[in-house]
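Participant: Our numbering applies: residue -9 is where the sequence shown begins, and numbers increase by one. Glycine included, every Cβ here is placed at the ideal spot set by N, Cα and C. Please read all numbers here as calculations on a predicted model, not as lab measurements. Have a look at the structure that comes next, please.
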Amino acid sequence: MSSALQRREVHPFTKKQIELVETFADQAVIAIENVRLLEEAQTRTRELARSVQELQALGEVGRAVSSTLDLKVVLKTIVDRAVHLSGTNAGSIFYYRKELGRFELGETTGLNEDFRRSTPKA
-9 MSSALQRREV HPFTKKQIEL VETFADQAVI AIENVRLLEE AQTRTRELAR
41 SVQELQALGE VGRAVSSTLD LKVVLKTIVD RAVHLSGTNA GSIFYYRKEL
91 GRFELGETTG LNEDFRRSTP KA
């Protein structure tokens, strides 16, 4: 960033004029630093909010694991939270069927019906 002062007639600035310009420059430095600090605080706030979301999701998964022995319920909770945290529209968990030698669609969130119909189910 730069700034300039000029006048049409050539003659030196007075001491008072120079002090005034220096005061404006000092204020500009303070304003620039305040903007930098505000942006830094906003970034930290976003990161903290993200961490809180992740901890909440982990808490939900932990509650699902401790409240049921139903693997499908636990995996559904995991895929739901993963989709939410990643900001995506859909997600799925595939089961590997060793006896068949392939993966099959397991728990899902947000998948369209055409995709679910076209994928082998567990």
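By DSSP, does residue -1 sit in helix, in strand, or in coil?
Facilitator: Taking the sequence shown and counting its residues from 1, the one referred to as residue -1 is at position 9. Three-state result, residue -1: coil.
Participant: Distance check for residue 74 and residue 32, CA to CA, integer angstroms please.
Facilitator: One-based indexing of the sequence shown puts residue 32 at position 42. One-based indexing of the sequence shown puts residue 74 at position 84. Cα-Cα distance, rounded: 22 Å.
Participant: Quick check on DSSP: helix, strand or coil for residue 141?
Facilitator: Because the chain spans -9 through 112 in this model, residue 141 falls outside it and cannot be assessed.
Participant: Pair every Cβ in the stretch 60 to 68 with every Cβ in the stretch 87 to 99, then say whether three or more of these pairs are closer than 8 Å.
Facilitator: These segments touch.
Participant: Quick one: Cα of residue 90 to Cα of residue 29, how far?
Facilitator: Along the sequence shown, one-based indexing puts residue 90 at 100. Along the sequence shown, one-based indexing puts residue 29 at 39. When rounded, the distance between both Cα atoms is 54 Å.
Participant: Residue 80 and residue 101 - do their beta-carbons sit closer together than 8 Å?
Facilitator: On the sequence shown, position 111 is the one that residue 101 refers to. On the sequence shown, position 90 is the one that residue 80 refers to. Yes, the pair counts as a contact, with Cβ atoms nearer than the cut-off.
Participant: What is the rounded straight-line gap between the Cα of residue 2 and the Cα of residue 20?
Facilitator: Working through the sequence shown from its first residue, we reach residue 2 at position 12. Working through the sequence shown from its first residue, we reach residue 20 at position 30. For residue 2 and residue 20, the distance between alpha carbons rounds to 27 Å.
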